[in-house]
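In terms of the numbering used here, the sequence shown has 267 at position 267, counting the first letter as 1, and numbering is strictly consecutive. Every residue, glycine too, gets a C-beta built ideally from N, C-alpha and C. Remarks on the structure that follows.
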Amino acid sequence: MTELKDMSDTDKVKELYEEMNRVDQKVDGPITQRDMKEHSKHSLYHYRKYFGSWNDAKKKLGFEIDTHQNISEEDLINELHRLKGEVDGIITPEDMTEKGKYASNTYKRTFGTWQKAKRKANLQTLKVDKQDLLDELERLAEEKQKSPNIKDMKEDGKYSIASYRKYFGTWNKAKEKVDLETKSVAPGKDHYEWSGGNEWYYGPSSYVEKQKAKVRKRDNDKCRVCGFSHEDRNNDVHHIKPKSKFGDLSKPENYEPLNDTENMITLCYHCHKKYEGRFQDTDPDGFERLAKSLENNNRRKAL
């Protein structure tokens with residue numbers, strides 16, 4: 001059997017339609033993401049990739065859409081509580097997309113934000129306090145059997161480095177609170193994150209964080225491509241032209257233009273992954289325009 005990745009765009013759309021139609025025949029009422037998760041041979045990822053969103057896929061393939069106006073707050077809250085029983089830890093929009101009955105955007109439209117929906121349902125949100133952050137540091141140290149570094153937290157930790165810097169000032173100050181070994185901080189190539197050009201080093205952390213704060217404020221802390229807020233999708237600040245183009249980042253003449261606000265744009269996790277390395281010769285407005293244009297073109301091709 002030919003896999004989706006080996007098909008032409010026309011054949012992909014046909015295959016995705018036929019698979020959705022097959023599942024639709026097995027279920028009662030409008031087909032849901034949960035139905036596809038349980039019965040489809042194709043991941044929901046493919047529908048979102050080729051059509052933009054689950055509802056866009058249903059609309060363009062001619063299937064009935066369960067509009068948010070027809071879903072009561074009680075139904076949405078009940079689904080959150082049902083999903084809580086399937087998910088370890090805090091429920092995220094991605095959990096709802098992958099395992100839930102409704103689109104995460106439906107919660108955003110109904111309650112204002114994803115986090116407000118969870119508060120309405122009396123469920124834990126991603127808001128953390130200092131003790132949560134310190135507990136996670138200790139957990140990660142035990143798991144790694146060493147004092148964790150920034151890369152450890154980024155890859156295997158629960159919280160962002162930005163949260164530690166927000167509450168404690170620096171990563172090392174957070175580690176000192178739980179008596180974990182720290183490394184002395186020196187500039188440039190002597191910085192403990194550098195390690196011959198470490199992938200996490202973009203310049204002095206205090207300077208980089210100050211620039212990122214300016215960008216988040218400018219962009220209203222929303223992804224410039226899809227519009228999701230930070231509390232909905234854990235947004236980050238993306239460097240449009242990558243660090244590899246700026247030479248020795250121990251020098252201000254290199255790390256300052258890298259971290260210029262005109263070389264930085266707020267993106268959600270998904271858009272960051274999708275557009276990493278793209279549109280390198282643009283400013284934030286140009287990046288946004290090209291990314292949105294590409295999204296629209298992909299949707300038109302899928303039709």
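Measuring alpha carbon to alpha carbon, tell me which residue in the options is nearest residue i.
i, options, result
"Asn220", "Leu267, Lys241, Ala291", "Leu267"
"Val215", "Asn172, Glu181, Asp283, Lys177", "Asp283"
"Asn263", "Lys212, Lys217, Ser40, Cys271", "Lys212"
"Arg289", "Leu80, Cys226, Arg48", "Cys226"
"Asp119", "Glu15, Ile91, Pro30, Glu155", "It should be pointed out that residue 119 corresponds to Arg in this sequence rather than to Asp. Among Glu15, Ile91, Pro30, Glu155, the Cα nearest to that of Arg119 is on Ile91."
"Gln131", "Asn122, Thr32, Asp152, Tyr159", "Tyr159"
"Ser40", "Gln25, Glu86, Lys243", "Gln25"
"His177", "Glu138, Tyr201, Asn55", "Residue 177 is actually Lys in this sequence, not His. With distances taken between Cα atoms, Lys177 lies closest to Glu138."
"Gly277", "Phe246, Cys271, Pro242, Gly52", "Pro242"
"Asn296", "Lys37, Asp35, Asp56, Glu143", "Asp56"
"Phe279", "Val87, Glu143, Ala291, His272", "Ala291"
"Ala121", "Ile77, Lys99, His270", "Ile77"
"Asp285", "Pro252, Lys245, Ile240, His272", "Ile240"
"Trp171", "Asp156, Ser205, Asp248, Glu86", "Ser205"
"Leu61", "Tyr17, Leu44, Ser104", "Tyr17"
"Asn229", "Gly85, Phe287, Lys116, Val13", "Looking at the sequence shown, residue 229 is not Asn but Ser. Taking only the C-alpha atoms, the option nearest Ser229 is Lys116."
"Lys58", "Lys99, Val13, His272", "Val13"
"Gly169", "Trp114, His270, Lys210", "Lys210"
"Gly157", "Glu143, Pro257, Arg165, Ser250", "Glu143"
"Lys166", "Lys151, Ile150, Asp129, Glu155", "Asp129"
"Ser43", "Lys99, Lys273, Pro257, Lys245", "Lys99"
"Gly85", "Ser244, Trp54, His270, Leu123", "Leu123"
Mind checking which residues open and close the alpha helix (DSSP H) that includes residue i?
i, result
"His239", "Note, His239: premise wrong, no alpha helix (DSSP H); beta strand (DSSP E) at 236-239."
"Leu16", "9-24"
"Tyr47", "44-51"
"Ala117", "114-120"
"Ser104", "104-111"
"Asn78", "73-84"
"Asp152", "150-156"
"Gln33", "33-39"
"Asp132", "130-144"
"Asp56", "54-61"
"Lys175", "171-177"
Just to confirm, are residue i and residue j a CB contact at a threshold of 9 Å?
i, j, result
"Asp9", "Tyr50", "yes"
"Tyr207", "Asn259", "yes"
"Leu133", "Ser163", "yes"
"Tyr107", "Leu83", "no"
"Met20", "Tyr47", "yes"
"Gln33", "Thr97", "yes"
"His238", "Tyr275", "yes"
In its own chain, which residues sit with a C-beta less than 8 Å from the C-beta of residue i, not counting the 5 before and 5 after it?
i, result
"Ile71", "Tyr102, Thr106, Thr110"
"Val23", "Ile31, Asp35, Met36, His39, Ser40"
"Glu73", "Thr110, Phe111, Lys120"
"Ser293", "none"
Going along the chain, which residues of its own chain have a beta-carbon closer than 6 Å to the beta-carbon of residue i, five neighbours each way excluded?
i, result
"Glu175", "Just to set this straight, residue 175 is Lys in the shown sequence, not Glu. Result list for Lys175: Thr182, in chain order."
"Gly29", "none"
"Asn235", "Cys223, Thr266, Cys268"
"Lys173", "none"
"Asn149", "none"
"Phe287", "Ile240, Ile265, Phe279"
So, for residue i: in the same chain, excluding its five sequence neighbours on each side, which residues have a beta-carbon less than 7 Å away from its beta-carbon?
i, result
"Gly112", "none"
"Leu180", "Leu137, Ala141, Ser147"
"Val261", "Residue identity differs from the one stated: residue 261 is Thr in this sequence, not Val. Correct list, in chain order: Gln211, Lys214, Val215, Arg218."
"Asp95", "Leu83, Val87"
"Ile161", "Ile150, Met153, Lys154, Trp171"
Would you say residue i lies against chain C (beta-carbon separation less than 9 Å)?
i, result
"Tyr201", "Among the protein chains of the structure shown there is no chain C, as only one such chain exists."
Give, in chain order, every unbroken run of the beta strand (DSSP E) that is at least 3 residues long and sits entirely within the region 217-279.
List check, beta strand (DSSP E) in window: 236-239, 264-267.
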